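Here is the structure we will look at, set down as C-alpha cells.
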Amino acid sequence: MSDSTIHVCVCKIFIHFCFWCAIVRGMENTYSGFVAIVGPTNAGKSTLINQIMGRKVSIVSHKVQTTRTNLRAVKMIGARQLIFVDTPGIFRPSRRLDRAMVGAAMDATSDADAILLVIDAQKGITNTVRSLVEKIRDHKNLFVALNKVDAVSKPDLLPLTAEINELVHPHDIFMISALKNDGVDEMLHALADVMPAGPYLFEPHDATDVPDKLYLSELTREKIYKYIHQELPYHINVVTERVDVADDGVLDIYQKIAVQNDAHKKIVIGRGGAQLKQIGTAARHDIQNQWGVNARLHLFVRVEPNWENIAENYEDQGLEFKK
Ligand SMILES: Nc1nc2c(ncn2[C@@H]2O[C@H](COP(=O)(O)OP(=O)(O)OP(=O)(O)O)[C@@H](O)[C@H]2O)c(=O)[nH]1
Ligand SMILES: [Mg+2]
774 MSDSTIHVCV CKIFIHFCFW CAIVRGMENT YSGFVAIVGP TNAGKSTLIN QIMGRKVSIV
834 SHKVQTTRTN LRAVKMIGAR QLIFVDTPGI FRPSRRLDRA MVGAAMDATS DADAILLVID
894 AQKGITNTVR SLVEKIRDHK NLFVALNKVD AVSKPDLLPL TAEINELVHP HDIFMISALK
954 NDGVDEMLHA LADVMPAGPY LFEPHDATDV PDKLYLSELT REKIYKYIHQ ELPYHINVVT
1014 ERVDVADDGV LDIYQKIAVQ NDAHKKIVIG RGGAQLKQIG TAARHDIQNQ WGVNARLHLF
1074 VRVEPNWENI AENYEDQGLE FKK
C-alpha cells in the first residue's frame, strides 16, 4: 500500500469517527418525554395545556367532564422536548362513555415519563384525588400543580401543601394559576429537567397533534357547554362530517350534532333556531380566530338515541370502545 493510500484511509476513518461522535453528542444533548396531565374533572388541566402552548389546544368550560379524550401537544424548552397529554378528568364513571374517558386518562399515565397531578386549590384533597393518588403514587416523577391559587387566600395554601406532601410524596409541588399564567414557567423547567435523554420523538418545535376534524368538533362542543345548561351537553356528540375549500378560499365545514331525543333536539335548536345560531356563530368565530381562515359552519342536529353505544363515535375521538 502506498503512502498516499494509507493517508486517504486514515482520513476516511477520522471523518467516520467525527461523524459518529457528532451523532452521539447530538443524542446526549437531546431530551424527550411524555408528561401526562391528570386530575379531577374541572381542576384546570385544559386551561393549563392551553397556557403552556399559548393557544387553544383543548376546550375549556366551567362545567365538569369537558375533555373527552387524550390530546397531545409538543413543547420545546431549550433542547428538551416535552410532550404534554391533556386527559379527561377523573370522576366516578357510570356510562360507557365515562368509562372510556377515565380509561384514556389512566392509560396516559402508564407510559408517561412524568405525571403532573393537577389539584384545584379551592377544592383541596377530595376522595377523587385520594383514589387517583393510590394509582399513581409509585411513579418516580410525580409532580403536583396546585392550581387556581389566584382564587384562594394565601394562608389557606400552607396547610393544604403540607397535606399534599404527606399524602402524595411528590417530586415537587407547584402553586400555580393556569388562568393567570402564574408559576407555570418555573414548573415547566422543573418538568423539563426530568425528561429522559434521547432523540426527539416529534419534530423539535411547538405543535399539537389533534386531528383537524376532531379539533373543529371540539370548538363547537365547547360552545354547547357554554350556552346549554345543566346535563344536556354530556349527552351530545359533535362530528365534523366534511370540510370543503370553496373557490373563494372559504372553508365550508359540515358538522352533525347528535342528541339523544326530540326534547334535546328542541333545546339545542331553540326558539326559531336562535340557540343553534348562537352556538354556530360563536363556533365559527372561534374557528376563524384559531386557524386564521374564513369559514362557513353548517350545523345539523340529529336524533341518535344510541350514539353512545356506537364504536365509531369513540374511535373518531381516539377513545377505546369497550364491549
Ligand atoms: N380562578 C381560576 N380558574 C381556573 C384556573 N384554571 C382553570 N380555571 C377554570 O376552571 C374551569 C375548568 O377548567 P378546565 O381547564 O376546563 O378544567 P379541566 O381540568 O380540563 O376539566 P375536565 O376537562 O372536565 O376534566 C374553567 O372555568 C376555567 O376557567 C385558574 O388558575 N384560576
Ligand atoms: Mg379538560
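Note that the sequence shown covers residues 774 to 1096 in my numbering.
Backbone N, C-alpha and C define an ideal beta-carbon position, used for all residues, glycine too.
All figures in this text were calculated on a predicted structure; none of them were measured in a lab.
(request) Could you have a look at C784 and say whether DSSP puts it in helix, strand or coil? (result) Locating residue 784 in the sequence shown gives position 11, where the first residue counts as 1. Residue confidence is low: C784 scores 48 on pLDDT, short of 50, so the model does not pin down where it sits. Its coordinate-derived value is still stated next. If DSSP states are grouped into helix, strand and coil, C784 belongs with the helices.
(message) Counting only beta-carbon separations shorter than 9 Å, does H978 have a partner in chain C?
(response) Among the chains of the structure shown, chain C does not appear; only one protein chain is present.
(request) Could you check if K1095 is buried or exposed, using at least 16 other CB atoms within 10 Å of its CB as the buried criterion? (result) Stepping through the sequence shown from its first residue, residue 1095 is reached at position 322. Its Cβ having fewer than 16 others within 10 Å, K1095 is exposed.
(request) With hydrogens ignored, establish whether the beta-carbon of N815 is closer than 8 Å to any heavy atom of ligand 1. (result) The residue you call residue 815 lines up with position 42 of the sequence shown. Answer for N815: yes, Cβ within range of ligand 1.
(message) Would S834 and K999 be called neighbours here (beta carbons separated by less than 9 Å)?
(response) Locating residue 834 in the sequence shown gives position 61, counting from the first residue. Locating residue 999 in the sequence shown gives position 226, counting from the first residue. Yes, the pair counts as a contact, with Cβ atoms nearer than the cut-off.
(request) Identify the continuous alpha helix (DSSP H) that holds L992 and give its terminal residues. (result) Start at 1 with the first residue of the sequence shown, and residue 992 comes out as number 219. That run of the alpha helix (DSSP H) goes D985 to Y1000.
(request) Answer with buried or exposed for R970, where buried requires no fewer than 16 other C-beta atoms within 10 angstroms of its C-beta. (result) Locating residue 970 in the sequence shown gives position 197, counting from the first residue. Here residue 970 turns out to be Ala, not Arg, going by the sequence shown. Under this definition A970 is an exposed residue.
(message) Between I1136 and F807, how many whole angstroms is the CB-CB distance? I'm expecting something under 8 Å.
(response) Nothing can be reported for residue 1136, as the shown portion of the chain is limited to 774 through 1096.
(request) Could you spell out where the alpha helix (DSSP H) holding L930 opens and where it closes? (result) Start at 1 with the first residue of the sequence shown, and residue 930 comes out as number 157. First-last of the alpha helix (DSSP H) with L930: K927 to V941.
(request) Using a threshold of 9 Å, state whether the C-beta atoms of V811 and A878 are closer than that. (result) The residue given as residue 811 occupies position 38 in the sequence shown. The residue given as residue 878 occupies position 105 in the sequence shown. It is a contact, given that the beta carbons lie within the stated cut-off.
(request) Can you tell me which of M948, T839 and N1086 puts its alpha carbon nearest to the alpha carbon of A924? (result) Taking the first residue of the sequence shown as position 1, residue 924 is located at position 151. Looking at the Cα atoms, M948 is the closest of the given residues.
(request) Could you tell me which residues DSSP pairs with I1083 in its beta bridges? (result) As a first step, residue 1083 must be located in the sequence shown, where it is residue number 310. DSSP lists no partner for I1083.
(request) Using only the heavy atoms of ligand 2, determine whether one of them is closer than 8 Å to the beta carbon of P977. (result) In the sequence shown, counting from the first residue as 1, residue 977 sits at position 204. No.
(message) Checking the sheet assignment: what are the DSSP bridge partners for I1026?
(response) Against the sequence shown, residue 1026 aligns to sequence position 253. Beta-bridge pairing links I1026 to V1016 and L1070.
(message) Give me, in chain order, the residues of the same chain whose beta-carbon lies closer than 6 Å to that of K818; leave out the 5 immediate sequence neighbours on both sides.
(response) The residue labelled residue 818 in the question sits at position 45 within the sequence shown. Closer than 6 Å at the Cβ level, and outside the excluded window around K818, lie I810, G812, D859 and V891.
(request) Report yes or no: do three or more beta-carbon pairs, one from the region 880 to 889 and one from the region 1017 to 1024, lie closer than 8 Å? (result) no
(message) Output needed for F792: all residues of its chain with C-beta closer than 8 Å, excluding positions within five of it in sequence on either side, in chain order.
(response) Here residue 792 refers to the residue found at position 19 of the sequence shown. Summary for F792: the model assigns pLDDT 47, below 50, so the residue's position carries little reliability; its value from the coordinates is reported in the next sentence. Excluding sequence neighbours, F792 sits near nothing in its chain.
(message) With the cut-off set at 9 Å, would you say K996 and D1089 are in Cβ contact?
(response) Counting from one through the sequence shown, the residue named residue 996 turns up at place 223. Counting from one through the sequence shown, the residue named residue 1089 turns up at place 316. No, the Cβ-Cβ distance between K996 and D1089 is not below 9 Å.
(request) Would you decide whether E1004 is buried or exposed? Buried here means 16 or more other CB atoms lie within 10 Å of its CB. (result) The residue you call residue 1004 lines up with position 231 of the sequence shown. So E1004 counts as exposed.
(message) Suppose you measure from the CA of G827 to the CA of L821; what does that come to, to the nearest Å?
(response) In the sequence shown, the residue the question calls residue 827 occupies position 54. In the sequence shown, the residue the question calls residue 821 occupies position 48. Between the alpha carbons of G827 and L821 lies a gap of roughly 10 Å.
(message) One question on the structure: do V957 and L1024 come within less than 9 Å of each other, judged by their Cβ atoms?
(response) Mapped onto the sequence shown, residue 957 falls at position 184. Mapped onto the sequence shown, residue 1024 falls at position 251. Here V957 is not near L1024, since their CB atoms are 9 Å or more apart.
(message) Extract the residue ranges of the alpha helix (DSSP H) inside the region 890 to 926, only unbroken runs of 4 or more that lie entirely within it.
(response) 900 to 909
(request) Check R981 in the structure and name its three-state DSSP category. (result) Here residue 981 refers to the residue found at position 208 when the sequence shown is read from its first residue. It should be noted that the sequence gives Thr, not Arg, for residue 981. The answer is strand: DSSP assigns T981 an E or B state.
(request) Compare the beta carbon distance of I832 and E1081 with 9 Å and say whether it is the shorter of the two. (result) Position 59 of the sequence shown, counting from 1, holds the residue named residue 832. Position 308 of the sequence shown, counting from 1, holds the residue named residue 1081. Inclusion of I832 and E1081 in the CB contact set at 9 Å is not warranted, their separation being larger than that value.
(request) Can you give me the Cβ contacts of A795 inside the same chain, cut-off strictly under 7 Å, excluding the 5 residues immediately before and after it? (result) For this step, residue 795 is matched to residue 22 along the sequence shown. Per-residue confidence for A795 stands at a pLDDT of 46, beneath the threshold of 50, marking its modelled position as unreliable; the derived number appears in the next sentence. Exclusion of the five residues before and after A795 leaves no residue of its chain whose Cβ lies closer than 7 Å to its Cβ.
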